[in-house]
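See structure below.
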Amino acid sequence: YLALSNTLRAAVVTWAKSLATDVGPFSITVNSILTGYFDTERIVQLNAKKAKELGIPPDAVRSDMESKVPVKRIGDPMEYGYLVAFLASEKAAYITGTQIPIDGGLLKSL
5 YLALSNTLRA AVVTWAKSLA TDVGPFSITV NSILTGYFDT ERIVQLNAKK AKELGIPPDA
65 VRSDMESKVP VKRIGDPMEY GYLVAFLASE KAAYITGTQI PIDGGLLKSL
């Protein structure tokens with residue numbers, strides 16, 4: 005399913021870019037947030053599943069995940085909320101049609 009997921013992600017980003025062009029004249033902004041690992045119940049579930057498959061403690065899975073992120077930690081959901089709140093504010097009125105990673109530096113592309 006990864007191929008399907010990756011294809012859909014690219015399509016959604018392209019659609020958002022087109023939408024930003026269409027609605028920009030109405031002072032509506034559209035941006036894509038490229039999300040990394042955040043400390044949510046879903047991450048806990050995925051780590052537990054992987055730990056069970058590998059026969060290791062869930063904390064070991066989390067530590068491995070954190071070690072791959074340049075800032076060496078998982079994001080706090082509030083940090084995500086701060087970005088969304090900023091993008092929804094007047095202070096971000098000139099930011100549109102872009103993709104913004106919030107991933108602790110995990111994304112390796114420009």
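If you want this note's numbering, it's the position in the sequence shown, counting the first as 1, plus 4.
Backbone N, C-alpha and C define an ideal beta-carbon position, used for all residues, glycine too.
- Under the rule that a run must span 4 or more residues, the alpha helix (DSSP H) segments found entirely inside the stretch 42–99 read 45–58, 62–72, 81–91.
- In terms of Cα proximity to L110, the closest of A96, I104, V73, Q103 is V73.
- Just so you know, the alpha carbons of Y84 and A64 end up roughly 25 Å apart.
- Ranked by Cα distance from Q49, the options L38, V34, R66 are led by R66.
- When the beta-carbon positions are compared, D107 and G40 come within less than 8 Å of each other.
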